[in-house]
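Just below is one structure, and these are the notes that go with it.
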Amino acid sequence: MEADIRRLRFELFTALWGDDWRGLEMGVAYLLQREGCGLVQRAGSSGDGGVDVAAFTPGALLVAVQCKAYKSPVKPNAIQAFHYATTNGWESTLSYRRWRHPRPQLRIMVITGGFGPAARGVAGNEGIHLVDLDALANWEHYGMRLPAVLGLEDW
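Position in the sequence shown counted from 1, then plus 2, gives you my numbering.
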């Protein structure tokens, strides 16, 4: 039953945005704009430095997002790479190189394939918020605001 619900949520999202990394990034960028965020970087590329989408929240926090259109759970090393890109490696990211934005105050990984316990542990230790397919469905289809999806009071 759980697998059927997860598959249906994935099908709903992919019906709107496609089932590849580009569609996921564009979908997340759209959802951030719907939240009232001002985009500064939309859709990653090989030179993005590990940040696919960057935006300023209505409260002026810089949000960095890494999107992975995976069918299986993400490994902890992907979380560690994103952590590095948004901390010590920030000066290598497109958001810094092009616009000299400071390091992000909010870091989010959106993964269609989910997260295993080890990846969740790394993310928790590093302060990275995780959005899996269930959270993505709440944000996209059910109109839940991202701060609520992430367990934040506001931003």
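Virtual Cβ for every residue (Gly too), placed ideally from N, Cα, C.
Asked: Taking M111 as the reference, give the member of V42, G91, Q82, Y98 with the closest Cα.; Found: Q82
Asked: So what's V30 in DSSP terms, helix, strand or just coil?; Found: helix
Asked: Using CA atoms only, rank isn't needed, just tell me which of A56, R122, L63, L41 is closest to D156.; Found: L63
Asked: Return the bridge partner residues of Q107 from the DSSP annotation.; Found: DSSP, once it has assigned bridges, lists no residue as partnering Q107.
Asked: For A66, which residues does DSSP report across the bridge?; Found: A56, R109
Asked: Kindly indicate which three-state DSSP category G25 falls into: helix, strand or coil?; Found: helix
Asked: At a cut of 8 Å, does the region 76 to 95 reach the region 34 to 42 through at least three beta carbon pairs?; Found: no
Asked: Less than 7 Å between C-beta atoms, sequence neighbours within five positions excluded: which residues of the same chain meet that for D134?; Found: I113, G116, F117
Asked: Look at A57 and L34 and say whether their C-beta atoms are less than 8 Å apart.; Found: yes
Asked: Identify the continuous beta strand (DSSP E) that holds L41 and give its terminal residues.; Found: 40 to 43
Asked: Considering just the uninterrupted stretch of the alpha helix (DSSP H) at H85, what are its terminal residues?; Found: 78 to 87
Asked: Can you tell me whether DSSP reads L154 as helix, strand or coil?; Found: coil
Asked: Please classify T89: is it buried, with 16 or more other beta-carbons within 10 angstroms of its beta-carbon, or exposed?; Found: exposed
Asked: Rounded to whole angstroms, what is the Cα-Cα separation between G145 and E37?; Found: 10 Å
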